[in-house]
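Just so we're aligned, residue 7 is where the sequence shown starts under this note's numbering, counting upward by one. Backbone N, C-alpha and C fix where the C-beta goes; we use that ideal spot for every residue, glycine too. Heads up, the thing below is written out as structure tokens.
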Amino acid sequence: MLDIHPRSPSEASSRSIGQTKSTTDRAYAALANGHVAVIDLNTLHVEQRVNLGSPARALAPGARPGRVYASLDSNQVVLFDTASGQIIGDTRDVGSPQSLILDTATSSLLVIDSDSRSILRLSQDLAARLDAYPLVDLPNQILLDPSNRRLYVTLPGARQILALDADTLEMVANRALAGGPLVMAALDTVHGRLYALSALSPHHRAIWVLNTEDLSLSAMVAGSSDVPLRRASALGLLPDGRLLVVEGTHLYDISPLDFRATVVARSANPVGPGRLATDPLSGQVIWSDANEIWVRNQ
């Protein structure tokens with residue numbers, strides 16, 4: 007466990023967790039006061055605080071170690087360097103930016119703009135807006151399969167998952183899911199699966215298991231006495247395909263073979279959306295509650 011030692015209640019609220027490639031051994035926590043805490047995962051100390059001037063909604067690793075993108079409440083997207091603490095690129099030509107991800111194959115940054123209900127493609131240095139793809143409803147998450155050149159988009163209100171061609175942003179498949187809004191999704195590129203967490207009702211949630219090739223339905227994981235799935239808020243994946251699910255103060259590990267779940271950790275306070283990150287190479291898990299950041303090695 008890592009205590010981020012907040013100086014005020016507003017700073018204590020960790021809004022999102024991000025992690026770069028495992029070789030950098032760094033994780034990033036976006037704090038409510040507009041700072042990003044840079045965490046050394048070897049020493050479990052905060053080695054740097056970067057002031058972005060506005061709280062970050064989402065974080066994504068850049069092309070170089072120590073470079074991180076952030077979408078901000080001030081409706082900016084910035085690229086900052088964690089070593090120097092300097093912002094080295096920014097743009098306001100993004101409407102209201104949310105989830106974002108770097109596509110190294112095209113040297114571009116893909117960003118959800120909730121104002122225009124579009125996916126924007128920006129140049130890697132944020133100097134130019136290259137393309138925009140309008141969507142039928144408000145998106146909230148994008149996931150990239152770089153090898154198969156697929157971009158997956160969640161439309162929570164429409165209860166749909168879209169598969170787009172990552173190069174053209176044209177739709178190649180879509181899947182409507184039963185129940186209420188989608189909470190979030192997780193992509194398993196090794197096994198060709200997309201997991202979608204949705205609210206079946208105000209008190210029950212389910213995880214839909216889709217095949218990434220055509221978004222056909224493979225299975226549905228419903229709640230049980232062991233894993234109620236009443237307040238599940240975040241998903242993550244480990245290198246062997248095991249699915250992690252945050253349910254209140256519990257972190258569950260679900261087998262990809264029989265979907266059997268076990269409790270692997272607990273936090274002091276409930277963990278909200280965006281507060282879970284996993285490293286696909288090392289299997290390291292980082293998540294946060296309102297006051298602390300927790301690190302678990304596999």
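Residue i, buried or exposed, once every other Cβ within 10 Å from all chains shown has been counted against 16
i           : result
residue 147 : buried
residue 132 : buried
residue 268 : exposed
residue 216 : buried
residue 90  : exposed
residue 266 : exposed
residue 33  : buried
residue 256 : buried
residue 208 : exposed
residue 194 : buried
residue 150 : buried
residue 77  : buried
residue 250 : buried
residue 153 : exposed
Residues that residue i bridges to, as DSSP identifies them
i           : result
residue 118 : 125
residue 284 : 291
residue 167 : 160, 181
residue 99  : The partner list for residue 99 (beta bridge, DSSP) is empty, contrary to what the question assumes.
residue 217 : 199
Own chain partners of residue i with C-beta closer than 8 Å, once the 5 adjacent residues on each side are dropped
i           : result
residue 211 : 189, 203, 204, 205, 229, 235, 236, 237, 238
residue 115 : 66, 75, 83, 106, 107, 108, 109, 127, 128, 129, 130, 132
residue 155 : 111, 171, 172, 173
residue 175 : 125, 127, 137, 139, 157
Own chain residues within Cβ distance below 7 Å of residue i, not counting five before or after
i           : result
residue 69  : 108, 110, 130
residue 179 : 169, 220, 221
residue 40  : 57, 58, 59, 60, 61
residue 31  : 46, 47, 48
residue 98  : 81, 82
residue 87  : 72, 73, 94
residue 261 : 248
residue 135 : 99, 126, 128
Assumed close pair residue i, residue j - CB separation to whole angstroms, cut-off 8 Å
i           : j           : result
residue 35  : residue 294 : 6 Å
residue 95  : residue 106 : With a Cβ gap of about 13 Å, residue 95 and residue 106 do not count as contacting.
residue 185 : residue 165 : 7 Å
residue 145 : residue 160 : 6 Å
residue 43  : residue 52  : 5 Å
C-beta atoms of residue i and residue j nearer than 7 Å
i           : j           : result
residue 196 : residue 242 : no
residue 100 : residue 119 : yes
residue 63  : residue 104 : yes
Same chain, Cβ closer than 6 Å to residue i, neighbours up to 5 away in sequence not counted
i           : result
residue 348 : There is simply no residue 348 to check, as the chain begins at 7 and stops at 304 in what is shown.
residue 80  : 60
residue 214 : 183, 202, 226
residue 14  : The pLDDT assigned to residue 14 is 36, lower than 50, so where the model puts this residue is not dependable; a value taken from the coordinates is nonetheless given after this. If we look at residue 14 and ignore the five residues flanking it on each side, it has no Cβ neighbours.
residue 192 : 201, 241, 243
residue 162 : 146, 187, 188
residue 233 : 258, 267
residue 218 : 198, 200
residue 224 : 215, 217
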